[in-house]
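Student: Would you mind keeping the following structure in view while I ask a few things?
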Amino acid sequence: MDIFTNYDELLPKGILFSIKEIDDMGLIKSDMLKKLIYNREIEVVKVGAKNFISRSVLILFLKKNTLPALK
């Protein structure tokens with residue numbers, strides 16, 4: 001039986017999340033997020049000087065980078 005993570009159920013509802021909010025959720029540390037943004041490995045929405053990540057992009061990123069457990 002394969003177990004999968006349903007990020008849609010786990011993540012709070014919202015459209016955009018700040019780097020701090022994602023760090024506070026315990027998903028990705030802010031330093032790592034900044035590195036991903038700098039290297040253009042994750043899509044961001046820029047509002048003024050702040051970067052935000054949409055819920056759908058965050059879910060896609062987490063799914064793409066989740067490795068299945070070995071059987």
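Numbered per the working numbering, the sequence shown spans residues 1 to 71. Cβ atoms here follow ideal geometry from the backbone N, Cα and C, with glycine treated the same way.
(1) Roughly how many angstroms lie between the CA atoms of Asn-51 and Ile-59, to the nearest whole one?
(2) Would you please state the rounded distance, in angstroms, between the beta carbons of Ile-53 and Ile-22? I believe it to be under 8 Å.
(3) Does the beta-carbon distance from Ser-30 to Ile-37 come in below 8 Å?
(4) Rounded to whole angstroms, what is the Cα-Cα separation between Lys-63 and Ile-42?
(5) In the DSSP assignment, the alpha helix (DSSP H) including Lys-50 goes from what residue to what residue?
Tutor: In brief:
(1) 17 Å
(2) 6 Å
(3) no
(4) 13 Å
(5) First-last for Lys-50: 50 to 54, but that is the beta strand (DSSP E), not the alpha helix (DSSP H).
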